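Novice: Okay, handing you the structure first.
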Amino acid sequence: MQLNNVFRKCFKRQDITVSPETSAADVTGWDSLTHMILINDIERHFSIKFKLMEIMKFNNVGDMLACIKKKVNT
Amino acid sequence: MNINIRQATEQDKDFIMTAIIEAEKSGADITSYGAIFSLSGDAVKTLVSNILDEGIEEQEMYIPNFLVAEVDGENAAAVSAWIEGESGMTSNIIKANMLAYFLNADILEGAVAKLGLMNEVNISREMGALQLECIYTAEKFRGMGLSGQLINEHIKRKKAEWLSVDKAQIILLKNNSSALMCYEKVGFAIVAEKKCEDEAILKVLPCDTKILMERKLNE
Numbered sequence: 001m002q003l004n005n006v007f008r009k010c011f012k013r014q015d016i017t018v019s020p021e022t023s024a025a026d027v028t029g030w031d032s033l034t035h036m037i038l039i040n041d042i043e044r045h046f047s048i049k050f051k052l053m054e055i056m057k058f059n060n061v062g063d064m065l066a067c068i069k070k071k072v073n074t
Numbered sequence: 075m076n077i078n079i080r081q082a083t084e085q086d087k088d089f090i091m092t093a094i095i096e097a098e099k100s101g102a103d104i105t106s107y108g109a110i111f112s113l114s115g116d117a118v119k120t121l122v123s124n125i126l127d128e129g130i131e132e133q134e135m136y137i138p139n140f141l142v143a144e145v146d147g148e149n150a151a152a153v154s155a156w157i158e159g160e161s162g163m164t165s166n167i168i169k170a171n172m173l174a175y176f177l178n179a180d181i182l183e184g185a186v187a188k189l190g191l192m193n194e195v196n197i198s199r200e201m202g203a204l205q206l207e208c209i210y211t212a213e214k215f216r217g218m219g220l221s222g223q224l225i226n227e228h229i230k231r232k233k234a235e236w237l238s239v240d241k242a243q244i245i246l247l248k249n250n251s252s253a254l255m256c257y258e259k260v261g262f263a264i265v266a267e268k269k270c271e272d273e274a275i276l277k278v279l280p281c282d283t284k285i286l287m288e289r290k291l292n293e
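Residue numbers (the numbering used here), protein chains in the order written: chain A, 1 to 74; chain B, 75 to 293.
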């Protein structure tokens with residue numbers, strides 16, 4: 001999944017593999033700092049821009065994926 | 075002298091912006107947002123204004139979270155309060171979402187090293203605890219105990235609304251001795267501190283240590 005590559009680059013770790021159920025509590029180092037960078041990296045990688053209320057509804061990677069797919073397919 | 079405490083409204087936006095920005099400065103010449111993201115004073119004002127306009131709850135920059143103290147009809151002091159993690163998301167992540175949205179990629183990337191330093195002094199807020207932030211009194215009204223009155227009123231209102239809330243927390247810089255004394259007067263005590271050992275933190279914050287103060291609400 002492309003998102004795994006984005007996570008690995010953002011967290012500077014190759015051992016990260018995310019699933020739709022993955023949330024911040026599951027990934028060591030996923031704090032507010034890395035969260036900002038992650039959102040930015042995802043936007044750049046997929047050439048999209050999230051709306052603020054979309055970002056606020058991201059409870060897990062699955063929520064991110066659904067939003068990314070919707071934007072990429074538009 | 076007539077003191078009136080009330081919830082802030084949209085009409086108070088300018089005063090609330092002053093409260094947020096001046097409280098953020100913690101005695102320095104610039105805000106931590108300005109120092110971390112290399113933003114001018116005007117850019118910080120624009121950022122704070124945009125965040126307030128979004129109306130995002132569960133963090134300090136939400137107008138209805140503020141109580142305002144008026145003295146003889148003039149806005150004199152303000153304090154923001156919320157219950158941490160009410161919807162399951164921490165206020166830090168909520169603010170990170172807003173900063174990621176409003177600040178462009180270049181600004182965020184330029185701030186990575188400084189944000190790393192800020193992480194060294196970051197104290198986690200307890201989920202379910204009442205958080206008090208942006209505690210501000212306009213200079214000519216200082217010494218009247220207005221911040222303490224606002225804090226006590228927030229506690230009274232939140233306890234009436236949230237029967238389970240049993241703790242209030244304030245996070246501040248260790249060198250803010252006047253604020254520390256003010257909070258001790260209304261029953262807060264220091265319970266934790268975090269220090270950044272890297273001197274570079276002093277280019278971002280006026281002090282290298284943050285402290286967490288708490289007050290138990292069911293005693």
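Every residue, glycine too, gets a C-beta built ideally from N, C-alpha and C.
Here the structure is a predicted model, which is why all the values come from computation and not from measurement.
1) What does DSSP give as the partner residue(s) for B/Q85 in the beta ladder?
2) Does the CB of B/M75 have a neighbour CB from chain A at under 8 Å?
3) Given 8 Å as the limit, is there contact between the segment 249-262 of chain B and the segment 163-172 of chain B, that is, 3 or more CB pairs closer than that?
4) How many Å lie between A/E43 and A/T74 at the Cα?
5) Go ahead and pull the three-state DSSP assignment for B/M218.
6) When we look at the beta-carbon of B/K230 and count the other beta-carbons within 10 Å, is it buried (16 or more) or exposed?
7) Taking the alpha-carbon positions, what's the B/A185 to B/N78 distance?
8) Specify, as a first and last residue, the run of the beta strand (DSSP E) that A/S23 falls within.
9) A/M1 versus chain B: which residues are under 7 Å apart at the beta carbon?
10) Along the chain, where does the beta strand (DSSP E) containing B/S154 start, and where does it finish?
11) Under the DSSP definition of a beta bridge, which residues are partnered with B/Q205?
12) Evaluate A/T34 with the Cβ neighbour count: other Cβ atoms within 10 Å of its Cβ, from every protein chain shown; 16 or more gives buried, anything less gives exposed.
13) So is B/M172 in contact with chain A if we call contact Cβ pairs under 8 Å?
14) I want to verify the contact list: residues of chain B whose CB lies under 9 Å from the CB of A/H35, in sequence order.
15) Establish whether the CB of A/D63 and some CB of chain B are separated by less than 8 Å.
16) Along the segment 190-212 of chain B, what residues have a CB closer than 8 Å to any CB found in chain A?
17) Using 8 Å as the threshold, is the C-beta distance between B/M91 and B/S123 below it?
18) Measuring alpha carbon to alpha carbon, tell me which residue in B/D146, B/D88, B/P138 is nearest B/T120.
19) Quick check on B/L113: buried or exposed, where buried means 16 or more other Cβ atoms within 10 Å of its Cβ?
Specialist: From the atom records:
1) None, per the DSSP bridge assignment.
2) no
3) no
4) 15 Å
5) coil
6) exposed
7) 41 Å
8) Segment: none, A/S23 is in no beta strand (DSSP E) and carries neither H nor E.
9) Ordered by position in chain B, no residue passes the 7 Å Cβ test against A/M1, which lies about 21 Å from the chain.
10) 148-157
11) B/W156, B/Q243
12) buried
13) yes
14) N166, I167, A170, N171, A174
15) no
16) G190, M192, N193, N196
17) yes
18) B/D88
19) buried
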